[in-house]
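Residue numbering for the sequence shown follows the numbering used here, starting at 6 and increasing by one per position. Positions of the beta carbon are idealized from the N, C-alpha and C atoms, including for glycine. On a predicted model such as this, the values are computed, not experimentally measured, just so you know. Report on one structure; see the data block that follows.
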Amino acid sequence: MAERKQRYRRLLLLFLALGLAGLFFFPRPAMASENGRRTVRICGAPVGIYMETRGVLILDAGELEMADGSTRSPAENIVKSGDYIQKANGRELEGKQQLADLVAASGGSDMVLEVWRQGENVKLQLTPVMTADGSYKLGIWVRDNIQGIGTLTYVEEDGSFGALGHGISDVDVGEILAVGGGELYRADILSVVKGQDGIPGELKGVIRYYPEERIGEITDNSVMGIHGTLSEQGISSLPLRSVEISGKEEVRTGPASLLCMTDGTVQEYAIEITQIDWNKQDTNKCFTIRVTDPELLERTGGIVQGMSGSPILQDGRLMGAVTHVLVNDPAQGYGIFIENMLEAAG
6 MAERKQRYRR
16 LLLLFLALGL
26 AGLFFFPRPA
36 MASENGRRTV
46 RICGAPVGIY
56 METRGVLILD
66 AGELEMADGS
76 TRSPAENIVK
86 SGDYIQKANG
96 RELEGKQQLA
106 DLVAASGGSD
116 MVLEVWRQGE
126 NVKLQLTPVM
136 TADGSYKLGI
146 WVRDNIQGIG
156 TLTYVEEDGS
166 FGALGHGISD
176 VDVGEILAVG
186 GGELYRADIL
196 SVVKGQDGIP
206 GELKGVIRYY
216 PEERIGEITD
226 NSVMGIHGTL
236 SEQGISSLPL
246 RSVEISGKEE
256 VRTGPASLLC
266 MTDGTVQEYA
276 IEITQIDWNK
286 QDTNKCFTIR
296 VTDPELLERT
306 GGIVQGMSGS
316 PILQDGRLMG
326 AVTHVLVNDP
336 AQGYGIFIEN
346 MLEAAG
């Protein structure tokens, strides 16, 4: 993993926010307040995310230029966007560079790719072709990792966390990424691009890709967010505070607040919960919110990319997290019940 991180240190700003979880019914160590309510530690600070795909992800098939000027597409109608290559000629793959090396060394001989396709294992036979530059290629676009910045929502007593309130999807494939693992790093927000009607804003920052800045590992990526475990260093280095959790049946329309960082410190900002759908189980759009805090509206225009997963409090209790912004009105967005996030973390 270390070698791959060195090769792919490109910054991607994603609409993420980490949300840490643990639920009322989970067999995990749980903190409780004096009245017996479940408690977790909320955050609201940005973190850097590095995740490796479960195999080499195929984005699409493409055309290759031959020495005579013609074009060929050896993988067309064989591979599918969203396939995950697990093995090539029986060799388990660690990344896309290893795949490229095996193709280059094939001499144009047939190759068997073992892929994971929508829950099934499939074997594909492809023949590399020699391109205009004299190298052998399969004609596929691939990816093996993704990086970005998000907001940490909460941490449990045992250090386990959840994030985002929604999954991390590949922008080309349009599906939740199947991940083979990942890591969390400390991150800094450098500037804010203010949202406008029809143009979403964003938090711009940098990830501290150094061993001493690693604060945890990612183990899961689902429609309800990402989950994993923080290190002791991560727990001690983040601004955390304990709060009680609200069940979704306790959530009501009216005043609430969210936590996020836009200028170096985590701040609490006023919002309004405007509409609730208590019946949505497998979704990350459970209720709608409107930012009412003048300071946040002035600085960001409302909800921006990078705030997804920001903790939402009502009556001083954690009841959910930000998940989406309404592009046509950045002051409005969606949130997920904390119960849904915690169930997914189980």
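Each of Ser165, Ala137, Asp138 and Leu143 was checked against the Cα of Lys101, and the nearest Cα belongs to Leu143. In the DSSP secondary-structure assignment, Arg219 is bridged to Tyr190. Contact between the segment 48 to 55 and the segment 108 to 117 is absent: fewer than three C-beta pairs spanning the two stretches fall below 8 Å. Between Trp121 and Gly172 the beta-carbon gap is near 17 Å, outside 8 Å, which marks them as no contact. Per the coordinates, the alpha-carbon of Gly311 lies some 36 Å from the alpha-carbon of Ala80. Taken through DSSP and simplified to helix, strand or coil, Ile212 comes out as strand. In the three-state reduction of the DSSP assignment, Leu243 falls in the coil class. Beta-bridge pairing by DSSP links Gln103 to no other residue. Taking all protein chains in view, the Cβ of Arg191 is crowded by 16 or more other Cβ atoms within 10 Å, so the residue is classified as buried. Counting along the chain, the unbroken alpha helix (DSSP H) around Ala349 starts and ends at Ile343 to Ala350. Ranked by Cα distance from Ala183, the first of Ile343, Ala72 and Arg148 is Arg148.
When Gly41, Leu62 and Leu245 are compared, the shortest CA-CA separation from Ile47 is found for Leu245. Here Gln238 carries a helix assignment [DSSP, helix/strand/coil].
Taking the Cα positions, Leu318 is about 6 Å away from Leu263. Burial check for Gln337: the Cβ neighbour count within 10 Å reaches 16 or more, so the residue is buried. By the Cβ rule, the segment 210 to 228 does not count as touching the segment 292 to 305, because fewer than three pairs are nearer than 8 Å. Around the CB of Gly203, fewer than 16 other CB atoms lie within 10 Å, so the residue is classed as exposed. Within the same chain, Cβ atoms closer than 7 Å to the Cβ of Leu64 are found at Ser86, Trp146, Val147, Arg148, Asp177 and Val178, the five residues on either side in sequence being excluded. Note on geometry: alpha-carbon atoms of Gly139 and Glu344 lie some 56 Å from one another. Membership of Arg43 in the beta strand (DSSP E) is indicated by the continuous run Arg43 to Ile47. Looking at the backbone, the Cα of Ala261 and that of Ile194 are separated by about 24 Å. The Cβ neighbour count for Tyr339, taken over all protein chains shown within 10 Å, is at least 16; the residue is labelled buried. The C-alpha of Cys265 lies about 6 Å from the C-alpha of Ser315. Scanning the segment 154 to 193 for uninterrupted alpha helix (DSSP H) segments of 4 residues or longer gives nothing; none is fully contained. At the C-beta level, Arg43 and Ile240 stay beyond 8 Å of one another. If you look at Leu331, you'll find it in the beta strand (DSSP E) that goes Arg322 to Leu331. It is roughly 22 Å from the alpha-carbon of Leu62 to the alpha-carbon of Thr136. The three-state reading of DSSP puts Pro205 in coil, since its state is none of H, G, I, E or B. Thr158 and Gly167 do touch by the CB rule: their CB atoms are close to 7 Å apart, below 8 Å.
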